[in-house]
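J.: Once you've had a glance at the structure underneath, I'll fire off some questions.
Protein chains: 2
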Amino acid sequence: MDLQQLGKQAKDSAHTLGLLSTQEKNHLLNEMAIALEKNTTRLLKANALDLENAVENGISETMQDRLRLTKERITDMADGIRQVIQLADPIGEVEKMWKNEDGLMIGRQKVPLGVIGIIYESRPNVTTDAASLCFKTGNAVILRGGKEAFQSNQLLVDILQNALKEHHGPVNAIQFVSDTSHEVANQMMRLTDYLDVLIPRGGAGLIRRVKENATVPVIETGTGNNHIYVDKDAQLQMAVDIVVNAKASRPSVCNAAETLLIHEEVASQFLPFIEKALLDKQVQLRGDQRACAFLTEAIPATEEDWETEFLDYILAVKVVSSIEEAIAHINRYNTKHSEAIITDNYFASQKFLQEVDAAAVYVNASTRFTDGFVFGFGAEIGISTQKLHARGPMGLEELTSTKYIIYGEGQIRA
Amino acid sequence: MDLQQLGKQAKDSAHTLGLLSTQEKNHLLNEMAIALEKNTTRLLKANALDLENAVENGISETMQDRLRLTKERITDMADGIRQVIQLADPIGEVEKMWKNEDGLMIGRQKVPLGVIGIIYESRPNVTTDAASLCFKTGNAVILRGGKEAFQSNQLLVDILQNALKEHHGPVNAIQFVSDTSHEVANQMMRLTDYLDVLIPRGGAGLIRRVKENATVPVIETGTGNNHIYVDKDAQLQMAVDIVVNAKASRPSVCNAAETLLIHEEVASQFLPFIEKALLDKQVQLRGDQRACAFLTEAIPATEEDWETEFLDYILAVKVVSSIEEAIAHINRYNTKHSEAIITDNYFASQKFLQEVDAAAVYVNASTRFTDGFVFGFGAEIGISTQKLHARGPMGLEELTSTKYIIYGEGQIRA
Chain A
1 MDLQQLGKQA KDSAHTLGLL STQEKNHLLN EMAIALEKNT TRLLKANALD
51 LENAVENGIS ETMQDRLRLT KERITDMADG IRQVIQLADP IGEVEKMWKN
101 EDGLMIGRQK VPLGVIGIIY ESRPNVTTDA ASLCFKTGNA VILRGGKEAF
151 QSNQLLVDIL QNALKEHHGP VNAIQFVSDT SHEVANQMMR LTDYLDVLIP
201 RGGAGLIRRV KENATVPVIE TGTGNNHIYV DKDAQLQMAV DIVVNAKASR
251 PSVCNAAETL LIHEEVASQF LPFIEKALLD KQVQLRGDQR ACAFLTEAIP
301 ATEEDWETEF LDYILAVKVV SSIEEAIAHI NRYNTKHSEA IITDNYFASQ
351 KFLQEVDAAA VYVNASTRFT DGFVFGFGAE IGISTQKLHA RGPMGLEELT
401 STKYIIYGEG QIRA
Chain B
1 MDLQQLGKQA KDSAHTLGLL STQEKNHLLN EMAIALEKNT TRLLKANALD
51 LENAVENGIS ETMQDRLRLT KERITDMADG IRQVIQLADP IGEVEKMWKN
101 EDGLMIGRQK VPLGVIGIIY ESRPNVTTDA ASLCFKTGNA VILRGGKEAF
151 QSNQLLVDIL QNALKEHHGP VNAIQFVSDT SHEVANQMMR LTDYLDVLIP
201 RGGAGLIRRV KENATVPVIE TGTGNNHIYV DKDAQLQMAV DIVVNAKASR
251 PSVCNAAETL LIHEEVASQF LPFIEKALLD KQVQLRGDQR ACAFLTEAIP
301 ATEEDWETEF LDYILAVKVV SSIEEAIAHI NRYNTKHSEA IITDNYFASQ
351 KFLQEVDAAA VYVNASTRFT DGFVFGFGAE IGISTQKLHA RGPMGLEELT
401 STKYIIYGEG QIRA
């Protein structure tokens, strides 16, 4: 596995890809979608090997399900590529152009980032999603999937590359790292000569490893230790609906809520009410001392619980004396992903929006809406939890850089 | 020197600073400008110590000049802060806002990045420039200047902090690293818990060290191995004017040109002409074999010369057979800073603008224009040569991140 070589090929290919018109890119994407469906039988066979390994290695049924390909899921992947074809191509757009004092016409144009590295886990559909989004935005991509989906991922990339080859596209624009060891992943995190950006998609462990090791520019994604603050002026039925939705509609995703903060003035009224609704959904509550006084089934919360993204049917609960205490708790423990306040009070809503530090801050809505599709971007490569370059759901626009193009008439600088 | 402690203080202070109104920030900036001028005598004394050390350490006169403070230069620094006051505050601006399919009002708002680290060399005015730009954009800053200017920098920060203290501002929003060792700089490059971004400003050595060591998000700045390509359809007098300006008007800056590429069809006519003009400016030429055939005083260029940012009165010269060869040479050797083509040909200009990979690509103008003030941004914190977050000259806007603010009416996700 020569990552340098792979990086060099990707970089060269990025140049060619960057010069293709939108029409040419869409044509090649369409051929990739067709190739995926044509190779359904082969893909199911490769995936069966991954599933056999998963069973042997005692991987949970939930994880097996995430890993599994079916005829329908392969069609979904092809349709995913077709949706990317429908999206507007941001590349080439001149966001603004002006004449400066020297008479130079200066324009800021959207261009590809170059070569994007993606390190991800389990689900094979990430392979085609990421490849098609990068391709549409003129970026070469180096994909390094998890070992669980190795056979599926390798064949998927092989199919995409063959489609490119047959139709005279830039084959090396989609690259696959066929070594799933930690060592090679660590090398990739330091491939500064070739990678313009690295996007890790996976659990907190992967994100931490990238944060500690990477010297290439990184966009951190996906950890969401999110809070719902129920203010003293909240409509309690609305609060119950939102908390249940944010916690229990899909606990394994990053925009689920992990902690409920409740104002002391409404704690005695609200907590028994929300406990009943959450117990109906099999959610375990872990409360601080004041919260436990109003909860019958809760166990005491530890310091660690405030820091934990459970990704499970568990909710930490804390009673606060003021909105200020709620905001301070959030800014101390959150991962800057999604935060919500439930209130009827105008000033409380404005204060929360302004003072909470997160990618997405909600008033009277569930944190579960933080998503590129829901926001209307038509795609999502991940949800950034850092502040540089992109924050929150990332669509096609977030996979671009800019270039100043300057039209002169012989100007020199005085 | 406890960097962790310093980082924590900066982070806490960033929260307070982020909530100040534009008016409050401008008031405090104005007090900083006044305090600088009031302390002129103390500053000159501290600077004299730096200059004494510089003489003892045999530092060049050019470098001594960059280090030197005078009454006038201190006034210039104060005026620099007053100019920052005049600039529009980007913080709080909602770039766009829309209603999604669920009826949520989603707005993307500009917010501060948080805590910015800056590692820089020699010139003391960077201290006040960087501090005021970060302050205006609601960012706390941790400044780590070079050892040459240590006494000046330390006193400058002390004066700014005292101005903040006296006028009840967030004192810890401007922090100074009082240890100029490489070890502490390396620690700063890995201060992931507290730094949202690190901006190195300095020579190629510093940039390389940051690139190899930093795990905090970095914006690379300032190395410019820039080219001028004189096309076969160039107006030769215009080409001479631009090459002389780009090379010799200020060779020590990052937007100066380092290599001249000339189309073979005009080489015999152009090279003797440009050689004369450059020799008048004491510029040494280093040519490839074909170029040397038309130059009388040039020495042969080595492979290393194509890679070198001379920052001096030296220009590498190469004859190319086509615009394609020129573009390939540029994309291979450049540092993605500023590149120019001189041509009357429409298609050549469009091809160059599209295919050259750099922050700023010029047609018929000098590379020397790449500058935040010249571009009209009113300020410059550096010139980014990377593709993530910001590319090219960075003004106030580039010191911001975004936050999605979402107004709901009780929506939950289906």
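Chains A and B are the protein sequences, given in the same order.
Heads up, the first sequence is in full-length UniProt numbering, so the first residue is 1 and it goes up one at a time.
Heads up, the second sequence is in full-length UniProt numbering, so the first residue is 1 and it goes up one at a time.
C-beta: ideal position from N, C-alpha, C; glycine also.
Could you list the residues in the region 359 to 371 of chain B with a C-beta less than 7 Å from some C-beta on chain A, going in chain order?
T.: Going along the region 359 to 371 of chain B in chain order, one finds 359, 360, 361, 362, 363, 364, 365, 366, 368, 369 with a Cβ nearer than 7 Å to chain A.
J.: What residue range does the beta strand (DSSP E) around residue 401 of chain B cover?
T.: Indexing the second sequence from 1 puts residue 401 of chain B at position 401. 400 to 411 is the span of the beta strand (DSSP E), which, as asked, contains residue 401 of chain B.
J.: Mark residue 372 of chain B as exposed unless 16 or more other C-beta atoms lie within 10 angstroms of its C-beta, in which case mark it buried.
T.: Within the second sequence, numbered from 1, the residue matching residue 372 of chain B stands at position 372. Answer is buried; the Cβ neighbour count reaches 16.
J.: Can you name the residues that DSSP bridges to residue 263 of chain B?
T.: Within the second sequence, numbered from 1, the residue matching residue 263 of chain B stands at position 263. Paired residues: B:320.
J.: Which one of A:113, A:116, A:95, A:112 has the shortest CA to CA distance from residue 106 of chain A?
T.: Position 106 of the first sequence, counted from the first residue, corresponds to residue 106 of chain A. Cα-wise, what sits closest to residue 106 of chain A is A:95.
J.: Please confirm if the region 308 to 322 of chain B is in contact with the region 376 to 392 of chain A, defined as three or more CB-CB distances below 8 Å between the two stretches.
T.: No, they do not touch.
J.: Determine, using beta carbons only, whether residue 231 of chain B comes closer than 8 Å to chain A.
T.: The count along the second sequence starts at 1 and reaches residue 231 of chain B at position 231. Not closer than 8 Å to any Cβ of chain A, the Cβ of residue 231 of chain B fails to qualify, so no.
J.: What residue range is occupied by the uninterrupted beta strand (DSSP E) comprising residue 225 of chain A?
T.: Numbered from its first residue, the first sequence carries residue 225 of chain A at position 225. It is not in any beta strand (DSSP E) - residue 225 of chain A carries neither H nor E in the DSSP assignment.
J.: Quick one: what's residue 235 of chain B bridged to in DSSP?
T.: In the second sequence, the residue the question calls residue 235 of chain B occupies position 235. DSSP, once it has assigned bridges, lists no residue as partnering residue 235 of chain B.
J.: Here's the rule I'm using: 16 or more other beta-carbon atoms within 10 Å means buried, otherwise exposed. How should residue 230 of chain A be labelled?
T.: Translated into the one-based positions of the first sequence, residue 230 of chain A becomes position 230. It counts as buried.
J.: Should residue 347 of chain B be labelled buried (16 or more other beta-carbon atoms within 10 Å of its own) or exposed?
T.: In the second sequence, the residue the question calls residue 347 of chain B occupies position 347. Flag for residue 347 of chain B reads exposed.
J.: For residue 191 of chain A, which of A:11, A:242, A:244, A:136 has the nearest alpha-carbon?
T.: Sequence index remark: in the first sequence, residue 191 of chain A carries index 191 (1-based). Among A:11, A:242, A:244, A:136, the Cα nearest to that of residue 191 of chain A belongs to A:11.
J.: Using a C-beta cutoff of 8 Å, does residue 419 of chain A count as contacting chain B?
T.: Absent from the model: residue 419 of chain A. The displayed extent of chain A is 1 to 414, so no value can be given.
J.: Which word fits residue 306 of chain A, buried or exposed, when buried means at least 16 other C-beta atoms lie within 10 angstroms of its C-beta?
T.: By 1-based counting over the first sequence, the position of residue 306 of chain A is 306. Buried.
J.: When the Cα atoms are used, what is the spatial distance from residue 217 of chain A to residue 384 of chain A?
T.: Your numbering for residue 217 of chain A matches position 217 in the first sequence. Your numbering for residue 384 of chain A matches position 384 in the first sequence. If I take the Cα positions, the gap works out to 13 Å.
J.: Taking the straight line between their C-alpha atoms, what separation do you get for residue 85 of chain A and residue 304 of chain B?
T.: On the first sequence, position 85 is the one that residue 85 of chain A refers to. On the second sequence, position 304 is the one that residue 304 of chain B refers to. Near 44 Å, if we compare the C-alpha coordinates of residue 304 of chain B and residue 85 of chain A.
J.: Which value, in whole angstroms, describes the spacing of the CA atoms of residue 5 of chain B and residue 194 of chain B?
T.: Locating residue 5 of chain B in the second sequence gives position 5, where the first residue counts as 1. Locating residue 194 of chain B in the second sequence gives position 194, where the first residue counts as 1. Distance between the alpha carbons of residue 5 of chain B and residue 194 of chain B: 10 Å.
J.: Using a beta-carbon distance below 8 Å, is residue 405 of chain B in contact with chain A?
T.: Taking the second sequence and counting its residues from 1, one reaches residue 405 of chain B at position 405. Taking Cβ atoms only, chain A reaches closer than 8 Å to residue 405 of chain B, which makes this a yes.
J.: Closest by CA to residue 226 of chain B, which one among B:252, B:206, B:178, B:18?
T.: Your numbering for residue 226 of chain B matches position 226 in the second sequence. Nearest C-alpha to residue 226 of chain B: B:252.
J.: Since residue 138 of chain A sits in a beta bridge, which residues does DSSP pair it with?
T.: The sequence position of residue 138 of chain A within the first sequence is 138, counting from 1. For residue 138 of chain A, which the question treats as bridged, DSSP gives no partner whatsoever.
J.: Which first and last residues belong to the beta strand (DSSP E) in which residue 339 of chain A is found?
T.: For this step, residue 339 of chain A is matched to residue 339 along the first sequence. Looking at the DSSP string, the run of the beta strand (DSSP E) that includes residue 339 of chain A is 338 to 342.
J.: Using beta carbons (cut-off 8 Å, strictly below), is residue 417 of chain B in contact with chain A?
T.: Nothing about residue 417 of chain B can be reported from this structure: the residues present for chain B run from 1 to 414 only.
J.: If you check the beta carbons only, do residue 242 of chain B and residue 365 of chain B fall under 8 Å apart?
T.: Position 242 of the second sequence, counted from the start, is the residue given in the question as residue 242 of chain B. Position 365 of the second sequence, counted from the start, is the residue given in the question as residue 365 of chain B. Contact flag set, yes.
J.: With a threshold of 16 other CB atoms inside 10 Å of the CB of residue 50 of chain B, please say whether the residue is buried or exposed.
T.: For the purposes of this step, residue 50 of chain B is taken as the residue at position 50 of the second sequence. Result: buried.
J.: Should residue 29 of chain B and residue 91 of chain B be called a contact, given that it needs their Cβ atoms to be closer than 8 Å?
T.: Residue 29 of chain B sits at position 29 when you count from the first residue of the second sequence. Residue 91 of chain B sits at position 91 when you count from the first residue of the second sequence. Against a cut-off of 8 Å, the Cβ pair of residue 91 of chain B and residue 29 of chain B comes out as no contact.
J.: Spatial neighbours of residue 74 of chain A within its chain, please: CB distance less than 7 Å, with the 5 preceding and 5 following residues excluded, ordered by chain position.
T.: Locating residue 74 of chain A in the first sequence gives position 74, counting from the first residue. For residue 74 of chain A, where only same-chain residues beyond five positions count, the Cβ hits under 7 Å are 36, 37, 40, 43.
J.: Any C-beta of chain A sitting closer than 8 Å to the C-beta of residue 391 of chain B?
T.: Along the second sequence, one-based indexing puts residue 391 of chain B at 391. Yes, because at least one Cβ of chain A sits closer than 8 Å to the Cβ of residue 391 of chain B.
J.: For residue 283 of chain B, name the three-state secondary structure that DSSP assigns.
T.: Against the second sequence, residue 283 of chain B aligns to sequence position 283. Residue state, collapsed to three classes: coil.
J.: If we define contact as Cβ-Cβ less than 8 Å, is residue 412 of chain B a contact residue for chain A?
T.: As a first step, residue 412 of chain B is located in the second sequence; it is residue number 412 there, counting from the start. Chain A contact via Cβ: present.
J.: Which same chain residues, not among the five before or five after residue 204 of chain B, have their C-beta less than 7 Å away from its C-beta?
T.: Working through the second sequence from its first residue, we reach residue 204 of chain B at position 204. Result list for residue 204 of chain B: 223, 309, in chain order.
J.: How long is the line joining the alpha carbons of residue 176 of chain A and residue 394 of chain A, rounded to whole angstroms?
T.: In the first sequence, residue 176 of chain A corresponds to position 176, counting from 1. In the first sequence, residue 394 of chain A corresponds to position 394, counting from 1. Going by the C-alpha atoms only, they are around 22 Å apart.
J.: For the candidate residues B:162, B:157, B:343, whose alpha-carbon lies nearest to that of residue 263 of chain B?
T.: Start at 1 with the first residue of the second sequence, and residue 263 of chain B comes out as number 263. That would be B:343, whose Cα lies nearest to the Cα of residue 263 of chain B.
J.: Does the beta carbon of residue 15 of chain B sit closer than 8 Å to a beta carbon anywhere in chain A?
T.: By one-based count along the second sequence, residue 15 of chain B stands at place 15. Taking Cβ atoms only, chain A reaches closer than 8 Å to residue 15 of chain B, which makes this a yes.
J.: In the DSSP output, which residue or residues are listed as bridge partners for residue 359 of chain B?
T.: Looking up residue 359 of chain B in the second sequence gives position 359. Residue 359 of chain B pairs with nothing; no bridge assigned.
J.: With DSSP as the reference, label residue 146 of chain B as helix, strand or coil.
T.: Taking the second sequence and counting its residues from 1, one reaches residue 146 of chain B at position 146. In this structure, residue 146 of chain B counts as coil in the three-state DSSP scheme.
J.: For a minimum of 3 consecutive residues, which ranges assigned as the beta strand (DSSP E) are wholly contained in the region 72 to 99 of chain B?
T.: Listed in chain order, they are 94 to 99.
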